[in-house]
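In what follows, a single structure is set out as structure tokens and then discussed.
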Amino acid sequence: MPLIAELKEFTLKKILVIHGPNLHLLGQREKDIYGETTLAEINKQLQDLAKKRGIQLDILQSNHEGDIVDAIGKAKTNQFKAILINPAAYTHTSVAIRDAILAVNLPTVEVHLSNIYAREDFRHNSLIAPVCQGQISGFGVHSYILGLEAAISLINSRS
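Counted from 1, the sequence shown has number 184 at position 149 by the working numbering; the numbering is strictly sequential.
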């Protein structure tokens, strides 16, 4: 394969990582549920894994539903091949994020640090999961690592 074709193929393997509301407070909030790892530490682990796998990550954290919807809506235009999302509280409430994921039709993996099914009843329903290829929850920081591995696998199986 010519070098230019290889470079083009490499630059096309991009994953959009989205962290929803309040995740910027990781390491400070409810440590018994979310642990002591900060969002910056999670992002570093994701970037390290992505680099080993030849994947480029763009990472967004937002407390604003519209920002998340906009980022998802631009994902194909920005040449992302998959989305890794922790919608946080929007998991249970956001039809807008659900519809955006459905509209862009990109492989999407939903992740959660805690096991949402072992928590309060209102957290047991994810509006996002039905439009994703899968959901990983309850493994702490490792949920993100497993989710990224799954997203990479989805990209590679489509190549």
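Ideal Cβ placement from N, Cα and C applies to all residues, glycine included. Just so you know, these numbers come straight off a predicted model, no measurement behind them.
| query | result |
| --- | --- |
| Using the beta-carbon count (16 or more within 10 Å), is Arg133 buried or exposed? | buried |
| On the criterion of 16 or more Cβ atoms from any shown chain inside 10 Å, does Pro13 qualify as buried, or is it exposed? | Because residue 13 is not part of the residues shown, which for the chain are 36 to 194, the question remains open. |
| Spell out a yes or no on whether the stretch 108–116 and the stretch 67–76 are touching, meaning 3 or more CB-CB pairs, one atom from each, closer than 8 Å. | no |
| Return the CA-CA distance between Tyr179 and Val130, expressed in angstroms with no decimal places. | 23 Å |
| Could you tell me the distance, in whole angstroms, from the CA atom of Gln80 to the CA atom of His59? | 16 Å |
| Does DSSP classify Glu184 as helix, strand or coil? | helix |
| Count the other CB atoms, across all protein chains shown, that sit within 10 Å of the CB of Gly55; report buried if there are 16 or more and exposed otherwise. | buried |
| Going by C-alpha to C-alpha distance, which of Lys49, Ile120, Ile187 and Gln91 sits closest to Val104? | Ile120 |
| I'd like the ranges of any alpha helix (DSSP H) spanning at least 4 consecutive residues and lying wholly in the stretch 52–139. | 66–69, 74–88, 100–108 and 130–139 |
| Please report how far the alpha carbon of Ile118 lies from the alpha carbon of Leu51, in whole angstroms. | 5 Å |
| According to DSSP, simplified to helix, strand and coil, what is Ser172? | strand |
| Could you give the DSSP three-state label for Ile50: helix, strand or coil? | strand |
| Distance, Cα to Cα, His127 vs Ile190? | 27 Å |
| Can you name the start and end residues of the beta strand (DSSP E) that His147 belongs to? | Thr143 to His147 |
| Out of Arg158, Phe174 and Pro122, state which residue places its alpha-carbon closest to the alpha-carbon of Asn98. | Pro122 |
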